[in-house]
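Student: Note that my numbering has the sequence shown beginning at 3, numbered continuously upward.
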Amino acid sequence: MSCRSESTAPPLFAAAAVSYAANCALGAVVAARLVDSSGFRWLHHVLYIATCASVVAAIGAGLVGMGAWGDRREAGRRAALALMPAAVPLTVIAFVGARTRWHPLIALSAAPFIAAGLVCSRADSHRK
């Protein structure tokens with residue numbers, strides 16, 4: 003048995019990326035009028051809440067350093083710092099009307115930070 007505990011941060015970064023991607027995909031198909039979401043409009047809101055919650059959880063886990071060794075803590079911090087700017091557009095989007103041209107632009111501005119957090123968490127979780 004190893005003294006090193008595995009970090010719970012990488013799955014949280016993956017959860018943030020998956021919920022964000024699912025929310026963007028749903029928003030895109032509805033905006034393109036490929037799907038009528040009038041019967042399940044709540045799903046977009048649930049995915050938004052799941053995205054926000056998982057982003058906060060991933061940032062928290064990364065900053066706190068769930069691993070037992072210093073390199074794990076530093077790796078988690080790097081991933082959390084890469085993800086942290088995504089909180090700005092995720093906060094702003096709640097105050098922007100869904101039918102404005104700004105809604106998808108603001109939502110998509112979180113993508114580079116979510117991707118960077120995921121990549122950093124994955125790259126750092128595979129280091130030994």
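For every residue, glycine included, the Cβ atom is placed at its ideal position computed from N, Cα and C. Here the structure is a predicted model, which means the values were calculated and not measured.
Quick check on the burial criterion: 16 or more other C-beta atoms within 10 angstroms. Buried or exposed for Leu120?
Tutor: buried
Student: Return helix, strand or coil for Leu65, following the three-state DSSP convention.
Tutor: helix
Student: Which of the three DSSP states is assigned to Ala70 in this structure?
Tutor: Residue confidence for Ala70 is low, a pLDDT of 46 falling below 50, so the modelled location carries little weight; the figure read from the coordinates is stated next. Ala70 falls in the coil class under three-state DSSP.
Student: Check the C-beta distance from Ser123 over to Ala11 and give it rounded, since I have them as a contact under 8 Å.
Tutor: 6 Å
Student: Going by other Cβ atoms of all chains shown within 10 Å of its Cβ, with 16 needed for buried, is Ala34 buried or exposed?
Tutor: exposed
Student: Indicate whether the contact test is met: 3 or more Cβ pairs, each with one atom in the segment 56-68 and one in the segment 23-34, closer than 8 Å.
Tutor: no
Student: Considering only their Cβ atoms, is the gap separating Pro91 from Ala109 smaller than 9 Å?
Tutor: yes
Student: Can you name, in chain order, every residue of its own chain whose Cβ lies under 6 Å from the Cβ of Ile95, other than the five neighbours on each side?
Tutor: Ile108 and Ala109
Student: By how many angstroms is the C-alpha of Val37 removed from the C-alpha of Gly99?
Tutor: 19 Å
Student: Measure the C-alpha to C-alpha separation of Ala118 and Ala84 and round it to an integer number of angstroms.
Tutor: Looking at the two C-alpha atoms, the distance is approximately 6 Å.
Student: Ser40: buried (16+ other C-beta within 10 angstroms of its C-beta) or exposed?
Tutor: exposed
Student: Please classify Ser40: does DSSP put it in a helix, a strand, or coil?
Tutor: coil
Student: Kindly indicate which residue of Gly78, Arg101 and His46 has the alpha-carbon position closest to the one of Phe15.
Tutor: Gly78
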